[in-house]
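Mapping the sequence shown onto our numbering, position 287 (from 1) lands on 319, and the numbers just tick up by one.
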Amino acid sequence: SFSRSSYLERIELLRKKRAWLIFDAKRLEALEVKEERANLKNQLKEAQKQIKPVKEKHAQMEGEVSKIKSRYTSLENKVKKDRKTYEDCETKTQTFQDNIENTLAEFQSIDAHQRRAEREVQAERKRLEEIQAEGASFPPMDEVEDSLRKAQSELRETKSKLDAAKRRAGSVQDKIDAEKQKEDEASQKLARLNDEKSLRRQRLFGMFQGLKDAFEWIDQNRKMFRRPIHGPIGTEVQPKSALTAAYLEHHVSSNTWRSFVVECPEDYKLLYREVREKKGIPINIITVPQGRLKPVTRMYSDCKMDVLRREHGFFGYLDETFTAPDPIMQALINNHNVDKVIVGGEEVQKALDRKDLIELLSTREAHDKKSGKVSSCFFYTHNRSSYRYTSQPSRFSGEIGTSSDEVQPARLLKPGCDPNIKEELSEIIKKAKETIENLLPAIQEGQIEMDEWHKHGQHVSVKLKDSKRLKQEWTQYKAKLRNQKEKLAEAEEDAAK
């Protein structure tokens, strides 16, 4: 076995051996580099030996180029001196030539000016003769001025007659406008009276304090809500007749008529907080989720309803006697069961007298598994009066209790206004239209007369313009003739100098 000291000695020996191994490797690399350096030196000597003739040729050519450049510089300097001498001589020649030409021009200008002046005189005299010849085509100035005065007088007379025709037509048009205004005012009043929704809203505002303030706030702040706000309910329903309007108004409570309908809980909270809590305005709110009308489940089967129609004088359900938007209809169904109330006529009283109607209405359908009797409510007419009849089974005895109350004419849902007022407004509209129809021929005749005078006035205006143009041309001719005579005199004076 080996001891630790022997291992240390062995390590030291290997370390020394490693240094010699590195030395031998580097020595071999140095020998290879030295050999490669010697080869490169030999290649360099061989290359220098090959390019020596080229260097000698290059030095010879550089000497020749230097000689050529020196000769070129000498010749260029000589050319510059010769060009300077040429330019000086050319300047002197040009100066002498200018002096010669100026002298010749001075000699010739006198003769040329004379000839030019004589030609100018001939040209001006010829132009004067042409202008004088033009004057022969003009009529006498007296005739021109007389024609101008006649055209002006005729135009004033035509304008006077045209203005008179316009006044007559304007008077008729004023009458038409007055009748048209009457018609428009009556039509607007009639349209307002026919706007049942607006009139019903005004009735509601008059019946219920604070309802107008609540409505106006909602109308001004609709963008605050997530979904539409409907109501008041009393303004949204449209009964199909005055009788059904009385039934519906009698059946539905006044609190419902002045209620607003929202479509989500968030809008309910917002509306209540802003109107009731912050402003202190009383308000009734009904929620109809998403504003959807649910499918109606009728209280009576089709078979039973056919019996009620055929044998007992009923027409249909209360919700079929009026129209309303889906959210409003659903609110009335939820709060007042308008889909379960039936409506009948005179034959219903006979069925009540036979004692079999209440029993039929109180009996449950075969598919209804609940026990006991069911309540009922219906409207009917008898001896020109209307009634609501209700039946309610007792919770304890099961006996059916009934009640009947007379239905008064509708106040809130009644037709908008007195029919006589509508007839009066319709008569005003009719008479205004007839008056306008009778006046239209006079307007057409007046328009024809105005068109004729306007056409005649245009013809006279053309004559007046022609006369003015002729007078202006005559004046311009005189000025032109006077100007030409002055030019001829100046030319003759110039030629005589």
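Backbone N, C-alpha and C fix where the C-beta goes; we use that ideal spot for every residue, glycine too. All values derive from a computational prediction rather than experimental measurement.
- Message: If the criterion is Cβ atoms closer than 8 Å, does the pair L445 and P271 meet it?
- Response: Inclusion of L445 and P271 in the CB contact set at 8 Å is warranted, their separation being smaller than that value.
- Just curious, the beta strand (DSSP E) that H414 is in, first and last residue? H414 -> beta strand (DSSP E) spans S408 to H414.
- Residues sharing a beta bridge with S417, DSSP: Looking at the DSSP assignment, S417 forms a beta bridge with H414.
- Task: List the DSSP bridge partners of I318.
- Result: Its beta-bridge partners are V293.
- Going by CA-CA distance only, name the one from A528, K497 and Q516 that's closest to K182. Cα-wise, what sits closest to K182 is K497.
- Item | alpha helix (DSSP H) segments (min. 4 residues) lying fully within the stretch 269-313 | As far as the stretch 269-313 is concerned, its whole alpha helix (DSSP H) runs of at least 4 residues are 274-283, 286-289 and 297-303.
- Nearest candidate by alpha-carbon position, reference F240, set R396, I313 and N369: For F240, the nearest C-alpha among the options comes from I313.
- Closest Cα partner of D358 within the set A201, M93, E268 and E189: For the options A201, M93, E268 and E189, the alpha carbon positioned closest to that of D358 is the one of E268.
- Query: Cα-Cα, which of Q516, Y421, W485 and K48 is closest to K198?
  - Reply: The shortest CA-to-CA distance from K198 to any of Q516, Y421, W485 and K48 is the one to W485.
- Query: Going by beta carbon distance, what residues of the same chain come within less than 7 Å of H414, once the five residues before and after it are set aside?
  - Reply: Contacts found: E378 and Q381.
- To the nearest whole angstrom, what separates the beta carbons of I360 and H262, a pair I think is in contact under 8 Å? Indeed, because the Cβ distance is near 6 Å, the residues count as touching under 8 Å.
- Segment limits, alpha helix (DSSP H) that includes E343: Bounds of the alpha helix (DSSP H) holding E343 are D334 to H344.
- What three-state label does DSSP hand V373 in the structure shown? Looking at V373 - three-state DSSP - the assignment turns out to be coil, as it is neither helix nor strand.
- Do the stretch 478-492 and the stretch 206-213 touch if we need at least three Cβ pairs shorter than 8 Å? Touching, no, given that fewer than three Cβ pairs across the two stretches are closer than 8 Å.
- Message: I believe I318 touches N367 by the beta-carbon criterion, under 8 Å. Please report the beta-carbon distance rounded to the nearest angstrom.
- Response: I318 to N367, Cβ: 7 Å. Contact.
- Message: Run through the DSSP bridge pairs and tell me what I432 is partnered with.
- Response: Answer is P425.
- Message: Please list the terminal residues of the continuous alpha helix (DSSP H) segment that includes L389.
- Response: Element bounds for L389: L389 to S394.
- Using 8 Å as the Cβ pair cut-off and three pairs as the minimum, do the stretch 459-478 and the stretch 296-305 touch? Counting C-beta pairs with one atom in each stretch, the stretch 459-478 and the stretch 296-305 have fewer than three that are closer than 8 Å, which means they do not touch.
- From the DSSP output, read off the bridge partner residues of H262. Note: H262 sits in a beta bridge opposite V293.
- Message: Bridge partners for E438 per DSSP, in chain order?
- Response: DSSP, once it has assigned bridges, lists Y419 as partnering E438.
- Query: Three or more beta-carbon pairs under 8 Å between the stretch 389-398 and the stretch 406-423, yes or no?
  - Reply: Taking a contact to require three or more Cβ pairs closer than 8 Å, the stretch 389-398 and the stretch 406-423 qualify as touching.
- Query: Just checking my contact of L340 with I374 at CB under 8 Å: how many whole Å lie between their CB atoms?
  - Reply: That belief holds up - the Cβ atoms of L340 and I374 are roughly 7 Å apart, short of 8 Å.
- Query: Given V176, which residues of its chain have a CB within under 7 Å of its CB, disregarding the five upstream and five downstream residues?
  - Reply: Here the set comprises S499, L502, K503 and W506.
- C-alpha gap between D245 and G348, whole angstroms: The alpha-carbon atoms of D245 and G348 are separated by roughly 38 Å.
- Query: DSSP on T355, reduced to helix/strand/coil?
  - Reply: Correct three-state label for T355: strand.
- Query: Do W289 and I315 come within 8 Å of each other at the CB atom, strictly closer than that value?
  - Reply: It is not a contact, given that the beta carbons lie outside the stated cut-off.
- Task: Please go through the same chain and pick out, in chain order, the residues whose beta-carbon is closer than 6 Å to the beta-carbon of S408, but skip the five residues on each side of it.
- Result: The answer, listed in chain order, is L393 and S423.
- Item | Counterpart residues of G348 in DSSP-defined beta bridges | The secondary-structure analysis by DSSP pairs G348 across a beta bridge with V375.
- Item | Span of the alpha helix (DSSP H), counted from its first residue to its last, around F247 | Per DSSP, F247 belongs to the alpha helix (DSSP H) from L243 to Q252.
- Message: Residues in the same chain with beta-carbon distance under 8 Å from K402, minus the five sequence neighbours each way, listed in chain order, please.
- Response: Counting only Cβ-Cβ distances below 8 Å, and skipping sequence neighbours, we find R396.
- Under 8 Å between C-beta atoms of V320 and D371: The Cβ atoms of V320 and D371 lie no closer than 8 Å to each other.
- Message: Considering only their Cβ atoms, is the gap separating T353 from L280 smaller than 8 Å?
- Response: Cβ distance < 8 Å, so L280 and T353 count as in contact.
- Message: Out of D351, E343 and S185, which one is the CA nearest neighbour of R386?
- Response: Nearest C-alpha to R386: E343.
- Answer with buried or exposed for T105, where buried requires no fewer than 16 other C-beta atoms within 10 angstroms of its C-beta. Classification for T105: exposed.
- Task: Note down the Cα distance separating D178 from L187, rounded to an integer number of angstroms.
- Result: Distance between the alpha carbons of D178 and L187: 14 Å.
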